[in-house]
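Student: Quick one: structure below, then a few questions.
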Amino acid sequence: MGKVFALRRRWRCAAVVVALVGAVIAGEAVVVPRPAVAAPAGDFVLDVPIADFDRPAAEAAFAQAYDSMALDAFLDDMRAAPEPPLGAGAPAGGLPPLDLPDHVPGTMEITDTGLRLVIPADELQAMAEPYVNQMITAAAGFAAGGIALIGCFALTENAYVCKGLAGAAALGTARFVAAKLSGEDTTTLKFWGTMFAAIIVGTALGLGTEWITVFAKANSAAMFTAIGEAIWSFVEWLGSWASAPIRTIAAYLRVAFRTIGTDLPEAIDIELGRIGHRAPGLSVMPLGDSITAGWGSSSGAGYRSRLYAKLNSAGDLDFVGTVRGSGTDADHQGHPGARIDQIRYVADCSVPSYRPNVIALMAGTNDLNQNHDVAGAPQRLVSLVDRLLALRPGTTVLVSTLPPSTKTDVGPRVTAYNNAIRPLIRAMEQDGKRVRLAELPSITTADLADQLHPDNDGHAKIANGFAKAFYQALDDGIITSTALPSGSAPGSDCAVPAEEVPGGWTNHGKIYEMPASAAAEIADVHLADVTGDGRADRVAVSGGAVAVRAGTGTGFSASVQAMAGAPAGRLVFANVVGDAAADLVLVGDDGRLTAWRNARDSSGTPRFTSAGVIAPGVGDTGARLRLADVNGDGRDDYVVVSDDSKARAWLNTPGDDDVPSWYSWGEIASGTGVAGSTVRFADFDADGRDDYVTVADDGALRVWRNTAGDGGRPSWSSLGAMAVGAAGASREALRLADLDADGDGDYALAGADGSLRAWRYDGPNQWVSLGTAIPAEPAAAGSSTAFADMNGDGWDDPVRVTGGKVEGALSSAPNPAPNLPALPARGTFQVLAPGTGNPGRTVLADVNGDDRDDYLLVGAAGEVDAWLNTPGNGGVPSWSSWGRIAPGTGASGTRIRFSDIDGDGRDDYLVMADNGAVEAWRNTPGNGGKPSWSHVGVWAVGVGGASPANVRFADVDGDGRADYLKVADNGAVDVWLNRGGDTGGGWQNRGTWAVGVNGATLSSVLFPDLDADGLADYVHMHGADLYGWTSKGGN
């Protein structure tokens, strides 16, 4: 019995160790915030009680491990411990010793109830500020180490193993507590990567050897990835036995282990840098451009908050600068758009005032992006560094390489620039200058939020690069104290002079709200399986025509017309008769359903035939109706979602001729507390029963699984957040449908230009981007929401073209000018052109040079018929037929564009190639003023990544000639200024003219002249709302 009791006591002691250390690491232990008080008069005492504590055993454990109870014995023994044979990954010739601190204040004592840490008052008062944070961190670390040591000896008497465990517990716990005290986010995978690094380094310290850290750095990526893949493979092997929560956890761990393993080598280097290094006082100035300002990060703080957390344990830390951003310490000197020469101006203003002893410098991105003397940029950087050293003698400059760029012209420049500055900065180091290079070896284009700016992961890697360089500089002894007066804010904000930053924008906010029907351009695009093969097809309804592009699993086939004369109103496609293909259903305002049965022809093309009224309604509005299969029988049921998100259902059962017969099921869902308008239904677990989905404004999804309960009624279980939403997503654009016939719903975004972006669902929180499944359709780009000068007053008017009919709101000159034009109130669109009833693509362009956009109908072979826009009553256009004005060139009509390339006021005829190249025919007056076309040749050879879907033409510099614009998926715009084109004076690379705005997409941006100043402006369409920025030259 005595042996059994002793064994149980040992296990209880071990359980205490695991529970206490686990609680601290999990963030459940209480962390005391730093108080702003003077040093205490008495000793600091921390008692750690341990249940079922065996004092003689604990004292024996310490006696076996250490000669003394002093905390310095930890360090002494670590230094003296023999090093085992070097393992795999160790460098030839062995390893240099770790630089450990000489002294840790205080002693540990064994008491009757557990462990006690005592730090005498005189040693406390000698500690540098912030002494409280240091005391708490040290106390927590050494207490965890001591407890782990006691617990380990309760299970084994192997001192070598126990000291490794004690070191891991001590440094891991200290790392966590320090993070909590500094405000670092401890919920991210990045943080847990640093925790693993601290534990590995702590283990190495405990064993007195570095071979563990070398092995971990060499093998962590493969090992951690293998662990994550093994977990996921096991869950996949379990198949349906694995519940949804288990699959969610496994999917998370799969990503988490891969991320931690990738980041671990760099984190170990930084953690090693922390050990034994403190600076007497740190005044750090983050200096640079928009990346320093935090652009691309979700918080706006960028790398700065992460860098603050990594440097905070190295000394009394203060970030300085005239710019106040966001983050833990929000001061910085980051100026969006600034080149190296402009950053020098900023430094001349700010560095002498703040006198930082560390400057974190990242500069050069805008030199490369603006194509500004690219060859001279590396030497300008060296001159800037020399200037910083002269402005603040004694400062240390950490110079970072640049993140990559996905821009085809800028990406190679970044590579060349980084290769050029490395030897230049290394040479400055060798000359004894206080300069260190901050490398970013692990950052890739996958870490970008757009074409230039890092995302959250990218900013975290920049912080790692600066932190590693900082600790290297600290180790080299080149970071000095801020013993000199630390300085104060200069008399100005040290902004880049306005005349040195080209252009800019004026934000006018919402400039117009389109009539409700304008939003129907997206609403008339559906994803539904109308071909019956299990894959969702893309169905578009326009002017009564129903066009289908069959889904292939990897894309969509060419469009075919399935129906002409579809009714006006809210149309949905749902399986209401129980066969394999979706039918066409008209939803009345009163909830009445009228259906057209999908009777496919011999080729599989849908053909819709009337089935009449299939449901009379239930006394609720059609807006609350959803058609969804809630019982898994393959027939979509009638579901009404109330404003408070409760759901009632009527089951669709077969009636005469398979027409639905409805059976009331009553309330099937009690709601989730969100607005009923946010509720959708889609199957996410491939069981045939549609699940309950709520959609946020930004397209984020939360899902409740529908499983069969009593009598087959839905029983709901939360699957939590299923998707965070995609850039530019909105509830209106979102489509949930099975694109790949695997039985579960995929995620797609419909654009107003006919484009479709898609993501395949591969399990909980696992989405695989399919990219742009359908590119922007040229027909839609010229015939949906647009701007055109319809009354010749110089201000472009908002218009919508549907089925050839043109509706719009005519602007009137503002008073006083210049300003935005006066526009009618929402809902006052008027018909400006009734349409011709002929097939073709409608384009609005000025082909006779009278400043009024004319009506053009472009045929399938590029032939063009025109109707001249002449003044009518009240300024409304009156149309005069000009007949055929262009015979076509043989190119498809979808590739034809019109824009004025030579500044004569007449729009020219352009043909787009797949690579964005443009062939042009100049429009000159012929007989009766009709166009006479002269072949210019290849006016633009195209640029990398260009295509007909993302190229636009607009005059951004006011010279009357159309410039070449390439629009990114996030609405950012790069511009090449027209100096005559490739057949004349060439092009000037303007760089990024617009960086995009929140929520913008390729299909949501337009470039009209809003204020009649001759410069193209920027408009973002968000649903029915138009937001405008007038150009002062752009970014």
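Under the UniProt record's numbering, the sequence shown has 946 at position 946, and the numbering climbs by one with no breaks.
Yeah, the Cβ is synthetic: ideal placement off N, Cα and C, and Gly gets one too.
On a predicted model such as this, the values are computed, not experimentally measured, just so you know.
Compute the Euclidean distance between the alpha carbons of ASP789 and ASP851, then round it to the nearest angstrom.
Tutor: Translated into the one-based positions of the sequence shown, residue 789 becomes position 789. Translated into the one-based positions of the sequence shown, residue 851 becomes position 851. Roughly 7 Å separates the two Cα atoms.
Student: What's the gap between the Cα of ASP367 and the Cα of SER603?
Tutor: Numbered from 1 along the sequence shown, position 367 holds the residue referred to as residue 367. Numbered from 1 along the sequence shown, position 603 holds the residue referred to as residue 603. Going from the Cα of ASP367 to the Cα of SER603 covers about 57 Å.
Student: Leaving out the 5 sequence neighbours to the left and right, which residues in its chain are closer than 7 Å to PRO490 when beta-carbon positions are compared?
Tutor: In the sequence shown, the residue the question calls residue 490 occupies position 490. With a pLDDT of only 49 at PRO490, under the threshold of 50, the placement of this residue in the model should not be trusted; the figure read from the coordinates follows. The answer, listed in chain order, is THR322, CYS349, SER350 and SER353.
Student: Start and end of the beta strand (DSSP E) containing PHE319?
Tutor: Working through the sequence shown from its first residue, we reach residue 319 at position 319. 317 to 319 is the span of the beta strand (DSSP E), which, as asked, contains PHE319.
Student: In chain order, which beta strand (DSSP E) runs of at least 3 residues are fully inside the region 931 to 961?
Tutor: 931 to 940 and 951 to 954
Student: Would GLY296 pass as a contact of ALA449 if the rule is Cβ separation under 7 Å?
Tutor: Indexing the sequence shown from 1 puts residue 296 at position 296. Indexing the sequence shown from 1 puts residue 449 at position 449. Going by C-beta atoms, GLY296 is nearer than 7 Å to ALA449.
Student: Which residues in the same chain as ASP457 place their Cβ atom closer than 7 Å to its Cβ, once the five residues preceding and following it in sequence are excluded?
Tutor: Here the question's residue 457 lines up with position 457 in the sequence shown. Excluding sequence neighbours, ASP457 sits near ASP447.
Student: Buried or exposed: LYS510, going by 16 or more other Cβ atoms within 10 Å of its Cβ?
Tutor: Translated into positions along the sequence shown, residue 510 becomes position 510. Label assigned to LYS510: exposed.
Student: For the beta strand (DSSP E) holding ASN652, just list the boundary residues, first then last.
Tutor: For this step, residue 652 is matched to residue 652 along the sequence shown. The continuous beta strand (DSSP E) containing ASN652 extends over residues 647 to 654.
Student: Report the residue from ALA309, GLU513, GLY804 and GLY302 whose alpha carbon sits nearest the alpha carbon of ASP455.
Tutor: Counting from 1 along the sequence shown, the entry for residue 455 is found at position 455. Considering only alpha carbons, the answer is GLY302.
Student: Measuring alpha carbon to alpha carbon, tell me which residue in PHE898, SER892 and THR889 is nearest VAL847.
Tutor: The residue you call residue 847 lines up with position 847 of the sequence shown. Nearest of PHE898, SER892 and THR889 to VAL847, Cα basis: PHE898.
Student: Starting from ILE340, follow the alpha helix (DSSP H) in both directions and report where the run begins and ends.
Tutor: Indexing the sequence shown from 1 puts residue 340 at position 340. It spans 340 to 354 - the alpha helix (DSSP H) in which ILE340 sits, taken as one unbroken run.
Student: Can you tell me the Cα-Cα spacing of ALA363 and ASP341, whole angstroms?
Tutor: If you number the sequence shown from 1, residue 363 lands on position 363. If you number the sequence shown from 1, residue 341 lands on position 341. Rounded to whole angstroms, ALA363 and ASP341 show a C-alpha spacing of 10 Å.
Student: Assign ALA940 to one of two classes, buried (16 or more other C-beta atoms within 10 Å of its C-beta) or exposed (fewer than that).
Tutor: As a position in the sequence shown, residue 940 is number 940, starting the count at 1. It is buried - the Cβ of ALA940 has at least 16 other Cβ atoms within 10 Å.
Student: Quick one: Cα of TRP665 to Cα of GLY699, how far?
Tutor: Position 665 of the sequence shown, counted from the start, is the residue given in the question as residue 665. Position 699 of the sequence shown, counted from the start, is the residue given in the question as residue 699. Taking the straight line joining both Cα atoms gives about 30 Å.
Student: Go through its chain and collect everything with a Cβ distance to LEU1015's Cβ below 6 Å, but skip five positions before and after it.
Tutor: Mapped onto the sequence shown, residue 1015 falls at position 1015. A distance below 6 Å between beta-carbons, with the five flanking residues on each side excluded, links LEU1015 to the following residues of its chain, in chain order: GLY958 and SER1031.
Student: At the level of alpha carbons, what is the spacing between GLY553 and LEU739?
Tutor: To locate residue 553, count along the sequence shown from 1; it is residue 553. To locate residue 739, count along the sequence shown from 1; it is residue 739. About 6 Å.
Student: For the alpha helix (DSSP H) containing ALA363, name the first residue and the last one.
Tutor: As a working note, residue 363 is residue 363 in the sequence shown. According to the DSSP assignment, ALA363 belongs to no alpha helix (DSSP H), since it is labelled neither H nor E.
Student: Please list, in chain order, all residues of the same chain as GLY632 whose beta carbon is under 6 Å from its beta carbon, the five residues on each side excluded.
Tutor: Within the sequence shown, residue 632 is the residue found at index 632, counting from 1. Hits under 6 Å: GLY688 and ARG689.
Student: In three-state terms, what does DSSP make of GLY612?
Tutor: Sequence index remark: in the sequence shown, residue 612 carries index 612 (1-based). Strand.
Student: Can you tell which of ASP969, ARG757, LEU384 and PRO378 has the C-alpha that lies nearest to the C-alpha of LEU402?
Tutor: Residue mapping note: residue 402 aligns to position 402 of the sequence shown, counting from 1. Nearest in C-alpha terms to LEU402, of all of ASP969, ARG757, LEU384 and PRO378, is PRO378.
Student: Is DSSP giving GLU667 helix, strand or coil here?
Tutor: Counted from its first residue, the sequence shown places residue 667 at position 667. Reduced to three states, the DSSP call for GLU667 is strand.
Student: Residues in its own chain within less than 7 Å of SER769 by CB, not counting five upstream and five downstream?
Tutor: Residue 769 sits at position 769 when you count from the first residue of the sequence shown. Closer than 7 Å at the Cβ level, and outside the excluded window around SER769, lie TRP759.
Student: Quick one: what does DSSP say LYS468 is sitting in, helix, strand or coil?
Tutor: Here residue 468 corresponds to residue number 468 of the sequence shown, with the count starting at 1. In the displayed model, LYS468 falls within a helix according to three-state DSSP.
Student: Measuring straight from C-alpha to C-alpha, what distance separates ALA737 and ALA536?
Tutor: For the purposes of this step, residue 737 is taken as residue 737 along the sequence shown, with counting starting at 1. For the purposes of this step, residue 536 is taken as residue 536 along the sequence shown, with counting starting at 1. Taking the straight line joining both Cα atoms gives about 6 Å.
Student: Mind checking TYR663: buried by the 16 CB within 10 Å criterion, or exposed?
Tutor: By one-based count along the sequence shown, residue 663 stands at place 663. Exposed is the call here.
Student: Tell me where the beta strand (DSSP E) around ALA562 begins and ends.
Tutor: Indexing the sequence shown from 1 puts residue 562 at position 562. Counting along the chain, the beta strand (DSSP E) containing ALA562 begins and ends at 556 to 563.
Student: By the three-class DSSP mapping on this structure, what secondary structure does residue 1048 have?
Tutor: Absent from the model: residue 1048. The displayed extent of the chain is 1 to 1035, so no value can be given.
Student: What do you reckon, are the CB atoms on ASP636 and ASN598 nearer than 7 Å?
Tutor: Position 636 of the sequence shown, counted from the first residue, corresponds to residue 636. Position 598 of the sequence shown, counted from the first residue, corresponds to residue 598. Taking the C-beta atoms as reference points, ASN598 is found no nearer than 7 Å to ASP636.
Student: Mind reading off the beta-carbon distance from ASP691 to GLY743? Whole number of angstroms is fine, and I expect it under 8 Å.
Tutor: Along the sequence shown, read from residue 1 onward, the residue named residue 691 stands at position 691. Along the sequence shown, read from residue 1 onward, the residue named residue 743 stands at position 743. Rounded, the Cβ-Cβ distance is 12 Å, inconsistent with contact.
Student: I'd like the span of the beta strand (DSSP E) that includes THR1030, first residue to last.
Tutor: If you number the sequence shown from 1, residue 1030 lands on position 1030. 1025 to 1034 is the extent of the beta strand (DSSP E) around THR1030.
Student: Nearest CA to the CA of SER947: which residue from PRO925, THR894 and VAL560?
Tutor: Reading the sequence shown from its first residue, position 947 is the one you call residue 947. Of PRO925, THR894 and VAL560, the residue nearest in Cα terms is THR894.
Student: Would you list, in sequence order, the uninterrupted beta strand (DSSP E) runs of no fewer than 3 residues that lie entirely inside the region 961 to 1007?
Tutor: 963 to 967, 973 to 981 and 986 to 994
Student: Look at the Cβ atom of GLY916, then the Cβ atom of VAL864, and state whether they are nearer than 7 Å.
Tutor: Taking the sequence shown and counting its residues from 1, one reaches residue 916 at position 916. Taking the sequence shown and counting its residues from 1, one reaches residue 864 at position 864. No, the Cβ-Cβ distance between GLY916 and VAL864 is not below 7 Å.
Student: Can you tell me whether ALA333 is helix, strand or coil according to DSSP?
Tutor: Along the sequence shown, one-based indexing puts residue 333 at 333. Residue 333 is actually Gln in this sequence, not Ala. Reduced to three states, the DSSP call for GLN333 is strand.
Student: Which one or two residues does DSSP pair with ASN312 in a beta bridge?
Tutor: Against the sequence shown, residue 312 aligns to sequence position 312. Its beta-bridge partners do not exist; DSSP assigns none.
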